[in-house]
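A.B. asks: The structure is given below, and queries will be raised subsequently.
Protein chains: 4
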Amino acid sequence: MVKVGIYGASGYTGQELLRLLIGHPNADVVALTSRKFKGMPVSEVYPVFAGMTDLKFVDSSPQQLVPSCDVVFLALPHGEAMLVVPEFVAAGVKVIDLSADFRLRDVSVYEAWYTKHTAVDLMEKAAYGLPELYRDDIKGSNLVANPGCYPTSIILGLAPLLREGCIDLSSIIADSKSGVSGAGRDLQLGSLFCEVNEGFKAYKIGSHRHTPEIEQELGRLANTAIAISFTPHLVPVNRGILSTMYADLNKRVSSAEVVDIYRKFYDGEKFVRICKAGGLPNISSVRGSNICDIGCVVDERTGRVIIVSVIDNLVKGASGQAVQNMNLMCGLPEGAGLDHISLFP
Amino acid sequence: MVKVGIYGASGYTGQELLRLLIGHPNADVVALTSRKFKGMPVSEVYPVFAGMTDLKFVDSSPQQLVPSCDVVFLALPHGEAMLVVPEFVAAGVKVIDLSADFRLRDVSVYEAWYTKHTAVDLMEKAAYGLPELYRDDIKGSNLVANPGCYPTSIILGLAPLLREGCIDLSSIIADSKSGVSGAGRDLQLGSLFCEVNEGFKAYKIGSHRHTPEIEQELGRLANTAIAISFTPHLVPVNRGILSTMYADLNKRVSSAEVVDIYRKFYDGEKFVRICKAGGLPNISSVRGSNICDIGCVVDERTGRVIIVSVIDNLVKGASGQAVQNMNLMCGLPEGAGLDHISLFP
Amino acid sequence: MVKVGIYGASGYTGQELLRLLIGHPNADVVALTSRKFKGMPVSEVYPVFAGMTDLKFVDSSPQQLVPSCDVVFLALPHGEAMLVVPEFVAAGVKVIDLSADFRLRDVSVYEAWYTKHTAVDLMEKAAYGLPELYRDDIKGSNLVANPGCYPTSIILGLAPLLREGCIDLSSIIADSKSGVSGAGRDLQLGSLFCEVNEGFKAYKIGSHRHTPEIEQELGRLANTAIAISFTPHLVPVNRGILSTMYADLNKRVSSAEVVDIYRKFYDGEKFVRICKAGGLPNISSVRGSNICDIGCVVDERTGRVIIVSVIDNLVKGASGQAVQNMNLMCGLPEGAGLDHISLFP
Amino acid sequence: MVKVGIYGASGYTGQELLRLLIGHPNADVVALTSRKFKGMPVSEVYPVFAGMTDLKFVDSSPQQLVPSCDVVFLALPHGEAMLVVPEFVAAGVKVIDLSADFRLRDVSVYEAWYTKHTAVDLMEKAAYGLPELYRDDIKGSNLVANPGCYPTSIILGLAPLLREGCIDLSSIIADSKSGVSGAGRDLQLGSLFCEVNEGFKAYKIGSHRHTPEIEQELGRLANTAIAISFTPHLVPVNRGILSTMYADLNKRVSSAEVVDIYRKFYDGEKFVRICKAGGLPNISSVRGSNICDIGCVVDERTGRVIIVSVIDNLVKGASGQAVQNMNLMCGLPEGAGLDHISLFP
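Protein chains in written order, with the numbering used here: chain A, 1 to 345; chain B, 1001 to 1345; chain C, 2001 to 2345; chain D, 3001 to 3345.
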């Protein structure tokens, strides 16, 4: 059994990690840290865990966690993860960091969009934790930067087109829509029920921090720098991200051919499903599961390809993908503990 | 492996059975019937199953199913289940009937609230499938009448008080609130999104068909006839039932003492959790799980006890409890395939 | 034109008052106070007002407001309203207080459920602002205590039965369900979208502060002290309260007779509608309007009467009723500015 | 008073027309037709109207309506409106048609996307009922084709850019999101609460029937043929459309300059509000009102302009705009009966 710690476990991604890991056949959660809820049973903070675990939140330093953990998940805010990662890595504990601190490879880009980086030498050692693209890197790494939720949906959605080289790289637009859990459990006016329910809005157009992460990874796939337009929106649902992506085709292909390209690209992937031609995905079909569903349409009138991808932002967009990365890093079956069928309705 | 058929599998309870049984370690679903969707892969009707199963709907008669099934779940409308149950039972196939056809023990009551019964001799042979109360009956039976969703929440909520004998039996009121999936997947005006969303209403006050079922079971617990007031309401959520129950106490007990009575009554039960004194349950804590959470309050000013119980109407209120019954009938661990932690948020 | 000030105008009831008063043919809003948003245009805090008004929030003392206002609405928290009411009243400004500070007539009851009262002498001078019951008091008063949202729904729902004298006064139960705006715009974990959406719960059973207000008013109607069980629940909708009320009948009456009693009692009332026998109300039918819809059922099997009432908690449950009171106090037509048809869907 | 008939009044747009017209100071609704609900009071089909009107649905022919009506609104399905329009027009009754039958000017385009047209001669006589663009046409016309909901949001959103001539006309993408009332009140699986709630999906990508209408109007603004990519999505809310529009700029302009262009273009318009630079609209700010809110952003990194517009699909996207058109056709103040402040929350 892999001994697991969750560092900064009190938010929605932390509790989702716990849900997944309690049901994992090869993992034991040995510690959950939270300064705020120190000493409290996790089942008091999240009643779903009543009777499922006796774990209590502790307020431990990395040094205190090291002896008992094989793997640590970091569910800390950006800027805080980089403060503890070096200690875990130095002590030989495998780290899966759910923050943005080790996702970007260019320090200057990180510092332009976030804050000063204090562990620059580790940035290039981190693997980008998108298993469908970087499985071998992840297997060989002790530090995995778990991708952002929006980036996961967009990169998985565009990777086959970029590898195929059939789109105009300057034409990419990603219009994304996220459920509210993506904003976390912090007390913010914009997260209140009455402010969100029966509403719908775009936010941070052209300025969301996930933009450089998306562009970095699309650029790696295309072997050249790429700039995109990325527009996030807020949907009044608990979970789910749907990204609608547009690009100009540079050659004639049909919807069916695009579906073929996607099916080949993701052949054998357990967590990516391609809709048949004409089919389009719904976030309600992936709720609670680690799956990414993708639909492909060619708009022949305009010569554009439109790709729609959906994930559960807390699972494939965060904690589920983190567990998938743990499985790879620890030599476990990649899908261990991740066989949930989506909960519908 | 237990070979399982689901008869009338195209509604929400049918697909929920399939979700639970695909993940069940000791069961194989061998057939799904649906006249309407005959020949279609279940993954086209419910996209959550894409990649999870290759099963297609068939339109088979009981005779055709009998040879391949050890157990059959019936997810048919009231009045239709009774038409096929005798054949399955006669052939030695274990039957778990999710309709109301075998829940009532008094034919005249059934016929007063439903329709003419065509399999009267089997009514008394059926076990009432509430394992926390009738575990042994269920183990020994080949025909289990799976309880209604409202009755499950109310009977589990009141059983300890009735056994304890501390309430006035003429004073019981159950004010219940159900999510919309309880109305099924039929096309009805009242189930349209715009008719339900941002709304809340009571319906069928004093006349809902679950009333005689609730009264029968409360009466068995109290060893005397009981009449209650039962008011169902519709909540704009997908899943969940919350029942708020009121009764006049016939002796002084505190909230803490009532909690104790409940803890003792349900001691060792895997699927019932009692909130600590002062605690109250939320349907969001049981979503997707087979658990019933119960909170207990004594209102000392009025001498009343108020009990609040919550279940997921599609799981403990239907398909999960049906699987629990299958486990008992087949000698499997009672909780096999039912260890889901609730999905929150 | 009546010159109106709104004191403490930044919450949902404050903005709802503004919505209603901007559309009022006989009122001019001359001042909105908010310490928090001082200096900001109201249209920045609530974008619905863009282009509708140029008003900005001010941070004014009562003395500063007095010269410009004929009427002041107080949308302050309990305990704060009593600090400013005396000054307004002394200066001859009519006051409609939306807090609980002047609803209770018995100081000791107020102080037991709330806090020390600092304006005791004004308590008995305040009229209880439920026009359907106390129209004349309100017309003659300079200080009106606007009723709570739950009390409005329950008192209107039970008044005809109490006046008729046909129920057992010790048997009254009110099971109420409120939308989320009732909790206000404060930042609380329990008001976050993800904590509320797809959930349903009871809270503060037997201990909600509206209990003594409800009991006071039911007692006045019955001419004797009354204790009830009151259970509030939280519904995942923005607006609306539905109260389901139970009482034992002390004589035989049919549903149709109860409907008649209600129709007579509320004859000529513009803001109360009685459903025909068999009909039940839905909160979605009163959204945005000042109307209370009431349905009546006799459960002959148990000898109970069940009454269901619905209001919009922000309108008839708060700001709309406050405007209705202003109309009465100022000699305007009672329905002026309150002729909105509910917004459906 | 203008005497008004609503033909085909039983759906959501019909009842919304009735809501608006009951509150209209210069209009009297004299007839509501519905084959389905013939003889029923409208308050039984839509309880919001209880006590507001005594109108009953009638099943009248155009000939029967003509004598009593100055204006008729047609809320019929596409293909049915064209069957009755000629008779009303010939009789001198002003017609506002909410269907698509008279929106397109090119018969062949209509017939390619819809069905055979039976009143071709009236197609060119119809005014396109978008007052902000075609006010004079509408004033002089007896037949107004009320725009589609998606087209209204997109055309208002792009008109200033097209007139300014600052975008690449081949680069336009409209990514739209609609609430569920846009699908009407028909019984469809896809409109059931449990199918929609907690879901989000795109549909009819590149093939939605509003595409030619949008392209026709954008082309008129640009004086050249335009093809766009249009992707509709379904949001789990009752009301509201948000359209996110993308176009490549053909010259450098800042966000502030685009805001200026929009403010000038819509100067004096009562129903269009432009957010200040940096601001973005939310559908919850226009719920129940006839307003279109627009936000403008230039993404300097990619040289694109992104416009976000929001409307209430049932008001500015249908019935409200229809009343605005009636006002213009009848010489009434353009905003008569349309001064509702949005209902929030």
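Idealized CB from N, CA, C, for every residue including glycine.
Which residue or residues does DSSP assign as beta-bridge partners of C:LEU2249?
C.D. replies: Stepping through the third sequence from its first residue, residue 2249 of chain C is reached at position 249. C:ILE2167.
A.B. asks: Let me check understanding here. Comparing Cα to Cα, which of A:HIS340, A:PRO333, A:GLY337, A:ASP339 lies closest to A:LYS139?
C.D. replies: Counting from 1 along the first sequence, the entry for residue 139 of chain A is found at position 139. Taking only the C-alpha atoms, the option nearest A:LYS139 is A:PRO333.
A.B. asks: Count the other CB atoms, across all protein chains shown, that sit within 10 Å of the CB of C:ARG2035; report buried if there are 16 or more and exposed otherwise.
C.D. replies: Along the third sequence, read from residue 1 onward, the residue named residue 2035 of chain C stands at position 35. Under this definition C:ARG2035 is an exposed residue.
A.B. asks: With a Cβ-Cβ cutoff of 8 Å, do C:ALA2247 and C:VAL2305 count as a contact?
C.D. replies: Against the third sequence, residue 2247 of chain C aligns to sequence position 247. Against the third sequence, residue 2305 of chain C aligns to sequence position 305. A contact, by the Cβ cut-off of 8 Å.
A.B. asks: Do D:VAL3323 and D:GLY3337 have their C-beta atoms closer together than 8 Å?
C.D. replies: As a first step, residue 3323 of chain D is located in the fourth sequence; it is residue number 323 there, counting from the start. As a first step, residue 3337 of chain D is located in the fourth sequence; it is residue number 337 there, counting from the start. Yes. Within cutoff.
A.B. asks: If A:VAL30 and A:VAL4 are in contact, beta carbons under 8 Å, what's the gap, nearest whole angstrom?
C.D. replies: The residue labelled residue 30 of chain A in the question sits at position 30 within the first sequence. The residue labelled residue 4 of chain A in the question sits at position 4 within the first sequence. Sure, about 6 Å apart at Cβ, within 8 Å.
A.B. asks: Any idea what DSSP makes of D:ARG3273, helix, strand or coil?
C.D. replies: Taking the fourth sequence and counting its residues from 1, one reaches residue 3273 of chain D at position 273. Residue state, collapsed to three classes: strand.
A.B. asks: Closer than 8 Å, CB to CB, is B:ASN1313 near chain A or not?
C.D. replies: Translated into the one-based positions of the second sequence, residue 1313 of chain B becomes position 313. It does not; no Cβ of chain A falls within 8 Å.
A.B. asks: Could you work out which residues of chain C lie near B:ALA1256, taking near to mean beta carbons separated by less than 8 Å?
C.D. replies: In the second sequence, the residue the question calls residue 1256 of chain B occupies position 256. By Cβ distance, chain C contributes nothing, its closest Cβ being about 14 Å from B:ALA1256, past 8 Å.
A.B. asks: Could you check whether the Cβ of D:ASN3282 sits closer than 8 Å to any Cβ belonging to chain B?
C.D. replies: Here residue 3282 of chain D refers to the residue found at position 282 of the fourth sequence. Not an interface residue.
A.B. asks: What whole-angstrom Cβ distance do C:CYS2292 and C:SER2153 have, given they're in contact under 8 Å?
C.D. replies: Residue mapping note: residue 2292 of chain C aligns to position 292 of the third sequence, counting from 1. Residue mapping note: residue 2153 of chain C aligns to position 153 of the third sequence, counting from 1. Sure, about 7 Å apart at Cβ, within 8 Å.
A.B. asks: Kindly say whether C:GLU2198, judged by its beta-carbon, lies nearer than 8 Å to any beta-carbon of chain A.
C.D. replies: Along the third sequence, read from residue 1 onward, the residue named residue 2198 of chain C stands at position 198. Judged by the 8 Å Cβ criterion, C:GLU2198 is in contact with chain A.
A.B. asks: Check D:SER3068 in the structure and name its three-state DSSP category.
C.D. replies: Here residue 3068 of chain D corresponds to residue number 68 of the fourth sequence, with the count starting at 1. In this structure, D:SER3068 counts as helix in the three-state DSSP scheme.
A.B. asks: Take the Cβ of A:LEU192 as the centre, count every other Cβ of all protein chains shown within 10 Å, and call the residue buried at 16 or more, exposed below.
C.D. replies: Counted from its first residue, the first sequence places residue 192 of chain A at position 192. With 16 or more other Cβ atoms within 10 Å, it is buried.
A.B. asks: Return the CA-CA distance between A:PRO212 and A:ALA227, expressed in angstroms with no decimal places.
C.D. replies: Within the first sequence, the letter at position 212 stands for residue 212 of chain A. Within the first sequence, the letter at position 227 stands for residue 227 of chain A. Approximately 9 Å, taken between the alpha carbons.
A.B. asks: Using the C-alpha atoms, what's the distance from B:GLY1157 back to B:MET1377?
C.D. replies: An answer regarding residue 1377 of chain B cannot be provided, because it is not within the stretch 1001 to 1345 covered by chain B.
A.B. asks: For A:THR282, which residues does DSSP report across the bridge?
C.D. replies: In the first sequence, the residue the question calls residue 282 of chain A occupies position 282. Checking the sequence shown, residue 282 of chain A turns out to be Asn, not Thr. Note: A:ASN282 sits in a beta bridge opposite D:LYS3201.
A.B. asks: Beta carbons nearer than 8 Å to chain D: which residues of the region 1030-1060 of chain B have them?
C.D. replies: none
A.B. asks: So is A:ALA225 buried or exposed if we call it buried at 16+ other beta carbons inside 10 Å?
C.D. replies: By 1-based counting over the first sequence, the position of residue 225 of chain A is 225. A:ALA225 is exposed by the Cβ-count criterion.
A.B. asks: When you compare each of A:ILE172, A:SER284, A:SER289 to B:MET1052 by their alpha carbons, which one comes out closest?
C.D. replies: Position 52 of the second sequence, counted from the start, is the residue given in the question as residue 1052 of chain B. For the residues A:ILE172, A:SER284, A:SER289, the minimum Cα distance to B:MET1052 belongs to A:SER289.
A.B. asks: Short check: CB of A:LEU187 to CB of C:LEU2187, under 8 Å?
C.D. replies: The residue given as residue 187 of chain A occupies position 187 in the first sequence. The residue given as residue 2187 of chain C occupies position 187 in the third sequence. Yes, they are a contact pair.
A.B. asks: Quick check on C:ASP2054: does DSSP put it in helix, strand or coil?
C.D. replies: One-based indexing of the third sequence puts residue 2054 of chain C at position 54. Coil at C:ASP2054, not helix or strand.
A.B. asks: According to DSSP, is C:ILE2022 helix, strand or coil?
C.D. replies: Translated into positions along the third sequence, residue 2022 of chain C becomes position 22. C:ILE2022: helix per DSSP, three-state reduction.
A.B. asks: In this structure, how does DSSP classify C:CYS2292 when only helix, strand and coil are distinguished?
C.D. replies: On the third sequence, residue 2292 of chain C is found 292 positions in, with the first residue counted as 1. If DSSP states are grouped into helix, strand and coil, C:CYS2292 belongs with the strands.
A.B. asks: So that I know if they touch, is there some Cβ in chain A lying closer than 8 Å to that of D:ALA3202?
C.D. replies: Within the fourth sequence, residue 3202 of chain D is the residue found at index 202, counting from 1. Yes, because at least one Cβ of chain A sits closer than 8 Å to the Cβ of D:ALA3202.
A.B. asks: Name, in chain order, the residues that DSSP records as bridge partners for A:PRO41.
C.D. replies: What you label residue 41 of chain A is simply residue 41 of the first sequence in a count that begins at 1. BP columns for A:PRO41 point to A:LYS56.
A.B. asks: Buried or exposed, going by whether 16 or more other CB atoms sit within 10 Å of the CB of D:SER3108?
C.D. replies: Residue 3108 of chain D sits at position 108 when you count from the first residue of the fourth sequence. Exposed, by the Cβ-count rule.
A.B. asks: Please tell me whether A:GLY278 has its Cβ less than 8 Å away from any Cβ of chain B.
C.D. replies: Walking along the first sequence from the start, residue 278 of chain A turns up at place 278. For A:GLY278, no Cβ of chain B is located within less than 8 Å of the residue's own Cβ.
A.B. asks: Roughly how many whole angstroms lie between the Cα atoms of A:VAL259 and B:PRO1047?
C.D. replies: By one-based count along the first sequence, residue 259 of chain A stands at place 259. By one-based count along the second sequence, residue 1047 of chain B stands at place 47. About 17 Å.
A.B. asks: On the CB-based measure, 16 or more other CB atoms within 10 Å of its CB, does B:ALA1236 come out buried or exposed?
C.D. replies: Against the second sequence, residue 1236 of chain B aligns to sequence position 236. Residue 1236 of chain B is actually Pro in this sequence, not Ala. Looking at its Cβ environment, which holds 16 or more other Cβ atoms inside 10 Å, B:PRO1236 is buried.
A.B. asks: Applying a beta-carbon distance threshold of less than 8 Å, which residues of chain B neighbour C:VAL2297?
C.D. replies: Looking up residue 2297 of chain C in the third sequence gives position 297. Contact of C:VAL2297 with chain B by beta-carbon distance below 8 Å involves ILE1205, GLY1206.
A.B. asks: Identify the contact partners of C:ASN2238 in chain D, using a Cβ-Cβ distance below 7 Å as the criterion.
C.D. replies: What you label residue 2238 of chain C is simply residue 238 of the third sequence in a count that begins at 1. Ordered by position in chain D, the residues that pass the 7 Å Cβ test against C:ASN2238 are PRO3345.
A.B. asks: Does DSSP put A:PRO236 in a helix, in a strand, or in coil?
C.D. replies: Residue numbering aside, residue 236 of chain A sits at position 236 when the first sequence is read from its first letter. Correct three-state label for A:PRO236: coil.
A.B. asks: Look up C:LYS2036 in the DSSP assignment and give the residues it is bridged to.
C.D. replies: As a working note, residue 2036 of chain C is residue 36 in the third sequence. Note: C:LYS2036 sits in no beta bridge, so no partner.
A.B. asks: Are the beta-carbon atoms of C:ALA2145 and C:ALA2159 separated by less than 8 Å?
C.D. replies: Taking the first residue of the third sequence as position 1, residue 2145 of chain C is located at position 145. Taking the first residue of the third sequence as position 1, residue 2159 of chain C is located at position 159. No. Outside cutoff.
A.B. asks: Apart from the five residues on each side of it in sequence, which residues of its chain come closer than 8 Å, Cβ to Cβ, to C:CYS2330?
C.D. replies: To locate residue 2330 of chain C, count along the third sequence from 1; it is residue 330. Excluding positions up to five away in sequence, the list reads VAL2002, ASN2026, ASP2070, VAL2071, LYS2094.
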